[in-house]
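Chains as they are written, first to last, in the working numbering: chain R, 182 to 575; chain F, 1339 to 1534.
Glycine residues also receive a C-beta, built at the ideal position from the N, C-alpha and C atoms.
A quick note: this is a predicted structure, and the numbers were derived from the prediction, not measured.
All remarks here apply to the structure that follows.
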Amino acid sequence: MQAPEQARTGRVSTGIKVLDDRLGGGFPRSATLLLFSDKPTEKRLFAEGFAVQGARTNETTVYVDFYRLPALARNDLLRFGSFPKERLVLVDAISSQLMVESPETYRIADISSLSSIIDCIVAAIEGERPARLVVDSMEFLADHFPKDDVLREWKRVIEAAKAVGCVTCFLFINWTYHEHDLQVIRTMSDFLVEFQSSMRGGIIRSSMRITEMGAGGLKTNWIPYTFKDLVGVTVYFPRILVTGPFNAGKSTVVRSLSERAISIDRMGTTVAFDYGNVNLSGIEAEIFGTPGQERFEFIFKIFAREVSGVLLVVDATRPEDFERAKHMLELIGARIPFVVLANKSDLPGALTVDRIARKMDLPDGSPVVATVATENRGLREALLILAEMIIGVR
Amino acid sequence: MVSQIRESLRAGERVVFVTLDLHPTEIRARAKALKLDLEPNEGKSLVFVDCYSATSSERPEATPGKKTLLVSSFSNLEGIGMAMSKAAQELGTPVRIYFYTISTLFLHNSTQAIAKFFQIVTSRAKMNMGFILYAVQDGVHEPMTMNLLRSLVDGVVEMRFTDTMEREVRVHHMRGFQVDSAWHPFVQMPGALGGM
């Protein structure tokens, strides 16, 4: 039975909403993406998620895998959840290396011949006319063939992909090339997606940064991300601080935003911290609420370390507390993105967001959002603004 | 190496075993022959990073995950590096990483790529994970390659068979220590590593 016609839209979604929003719906058709790192990272997760996202939206994806048997690759991709199998076409580069049979339509018969490898990939592009192509990974070719040949054939794949309106992801970790070779590779790409992984406190932290090549293009900050089975890749903020003066409504903010929340309090006021886990528009965040009273400032200072961003909660009816709020911002540091939540903005006497910004003498453009935490009003908007500030797309 | 693992586990340390040359089942069997049952430790204080199964086109272990992290290919250096980090994260740091053997990588990757991989992984292990011990086969690499590997580590322990097939060991060098670089005989006995 013939597979149904594949879907075609103007943009190719990353599956991460906050990124798609800033990319105008996703990467443009025919774009070439270089998924790059100079040390081992989890960039394959992004590429796999990108492939599955395509298949799920009924786009054909061609996945060239130099490392895995197709059965193993398909099994790995199922970690992202189900998708129509016929939309994922694997180019098998392994069976011939292991001298085993392959049921795949596109099988690289001679792995020692660069032109034979590229001919097979181009045949898959022309035969399937995919919306997405993932090449996993170019360092395999860089390590096995002369550099000039690799760069020439790399361009051939890009041209073939562009001819059918396909977004191409080239994974590449640089083991062997010099900086000027890397510069050539960057200039062949429309988007550079850089990845880094680090280990702190025994926990691996991954982040990526997207740069649109050419003047005036999009450039994000380092975006922390995580992976969860069946969910895929999500933007992940390991520590968002919810802070502000006493009785401004911080615990209510944490509870209202969170799917799950706990609070360590005494007689209704937080004496240690509030904690919540938030999932919102492809963003996952761990949020920590601090006590507002000055006598608990030592706890505030502990939680203020290594924060991704701050939701500063003020009571819009109590301008006398704004000085304390500003002091808390100063303790966190000027480089950390923040959004001011003008809470209790439904109460009589609440100041407008403009007046609060003026009274607090905030830098121009600092976002102040009117909220009513008890009714969950304005909170999600505030968190999304903060997320966009952290990842540098606002 | 199995003796080293036994000593580490006995001391309550956590161990990551990266295997490129042997199936984990064979390592378990060899450990048993030395009176060391690895299975009760797996997932708690021992994790295998298995680069052997997938590349030998054997069926990977039934439930890869907690006990064993699979790497798809000897050429997938990035995958090996990340699997080591994930194993360390799973067990909790610090860990002792045993890498058996770096020689196999040379059959599938360029010396330049391995040198960079070796440097990055060693530095990551020392900074964030703990201790790493690589096994390398003597006599199969160019002297330049061996010198490069020696220069990238803190210490080198050499083992050999004599003409009469006796085992000998010596410490070639160990950064920060003055060592006796003479060869010493040793024997392998079940349950213990014994000098003579």
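Under the three-state DSSP convention, the category residue i falls into
{"i": "Y1390(F)", "result": "helix"}
{"i": "V348(R)", "result": "strand"}
{"i": "N1485(F)", "result": "helix"}
{"i": "V434(R)", "result": "helix"}
{"i": "N460(R)", "result": "strand"}
{"i": "L253(R)", "result": "helix"}
{"i": "L200(R)", "result": "helix"}
{"i": "P284(R)", "result": "coil"}
{"i": "A232(R)", "result": "helix"}
{"i": "S1383(F)", "result": "coil"}
{"i": "T401(R)", "result": "coil"}
{"i": "R219(R)", "result": "Checking the sequence shown, residue 219(R) turns out to be Asp, not Arg. Coil."}
Beta carbon proximity, residue i to chain R, threshold 8 angstroms
{"i": "S1391(F)", "result": "no"}
{"i": "E1416(F)", "result": "yes"}
{"i": "S1423(F)", "result": "yes"}
{"i": "I1458(F)", "result": "yes"}
{"i": "K1454(F)", "result": "yes"}
{"i": "N1485(F)", "result": "no"}
{"i": "G1403(F)", "result": "Unreliable placement is indicated for G1403(F), whose pLDDT of 47 sits below 50; no coordinate value is reported for it."}
{"i": "N1447(F)", "result": "yes"}
{"i": "Q1516(F)", "result": "no"}
{"i": "T1431(F)", "result": "yes"}
{"i": "G1350(F)", "result": "no"}
{"i": "M1527(F)", "result": "no"}
{"i": "G1381(F)", "result": "no"}
{"i": "Q1427(F)", "result": "yes"}
{"i": "S1411(F)", "result": "yes"}
Between the CA atoms of residue j and residue i - distance to the nearest angstrom
{"i": "R203(R)", "j": "A236(R)", "result": "22 angstroms"}
{"i": "Y1436(F)", "j": "E487(R)", "result": "33 angstroms"}
{"i": "G230(R)", "j": "T415(R)", "result": "10 angstroms"}
{"i": "W335(R)", "j": "W403(R)", "result": "27 angstroms"}
{"i": "G395(R)", "j": "F227(R)", "result": "23 angstroms"}
{"i": "S547(R)", "j": "L399(R)", "result": "21 angstroms"}
{"i": "A1451(F)", "j": "Q1457(F)", "result": "10 angstroms"}
{"i": "K224(R)", "j": "A1425(F)", "result": "18 angstroms"}
{"i": "E465(R)", "j": "V574(R)", "result": "17 angstroms"}
{"i": "F247(R)", "j": "D273(R)", "result": "7 angstroms"}
{"i": "I513(R)", "j": "E478(R)", "result": "12 angstroms"}
{"i": "L314(R)", "j": "F1412(F)", "result": "24 angstroms"}
{"i": "T1357(F)", "j": "R1366(F)", "result": "12 angstroms"}
{"i": "R436(R)", "j": "N557(R)", "result": "9 angstroms"}
{"i": "E375(R)", "j": "L322(R)", "result": "20 angstroms"}
{"i": "M541(R)", "j": "E501(R)", "result": "10 angstroms"}
Rounded Cβ spacing between residue i and residue j (contact assumed at less than 8 angstroms)
{"i": "V550(R)", "j": "I566(R)", "result": "7 angstroms"}
{"i": "S379(R)", "j": "R386(R)", "result": "5 angstroms"}
{"i": "L492(R)", "j": "A563(R)", "result": "6 angstroms"}
{"i": "L215(R)", "j": "L373(R)", "result": "5 angstroms"}
{"i": "V1509(F)", "j": "G1493(F)", "result": "7 angstroms"}
{"i": "F1386(F)", "j": "G1419(F)", "result": "Incorrect: roughly 16 angstroms between the Cβ atoms, too far for contact."}
{"i": "T552(R)", "j": "M369(R)", "result": "Contact doesn't hold; Cβ gap of about 47 angstroms is too wide."}
{"i": "R1505(F)", "j": "M1497(F)", "result": "7 angstroms"}
is_contact[residue i, chain F] using C-beta, thresh 8 angstroms
{"i": "Y417(R)", "result": "no"}
{"i": "I354(R)", "result": "yes"}
{"i": "I298(R)", "result": "no"}
{"i": "R192(R)", "result": "no"}
{"i": "I385(R)", "result": "yes"}
{"i": "Y248(R)", "result": "yes"}
{"i": "L461(R)", "result": "no"}
The ligand SAM heavy atom lying under 7 angstroms from the CB of residue i
{"i": "V574(R)", "result": "You won't find the ligand SAM in this model; it holds no ligand whatsoever."}
Under 9 angstroms (Cβ pairs) to chain F, residues found in the stretch 356 to 383 of chain R: W356, T357, S378, S379, M380, R381, G382 and G383
Interface positions of the stretch 301 to 333 of chain R facing chain F (Cβ-Cβ less than 9 angstroms), listed along the chain: S318, E320, F321, A323, D324 and H325
Interfacial residues, the stretch 1469 to 1483 of chain F to chain B, with Cβ spacing under 8 angstroms: Chain labels in this structure do not include chain B; the protein chains are R and F.
Contact list for the stretch 191 to 225 of chain R against chain F, Cβ threshold 9 angstroms: S218, D219, K220, P221, T222, E223, K224 and R225
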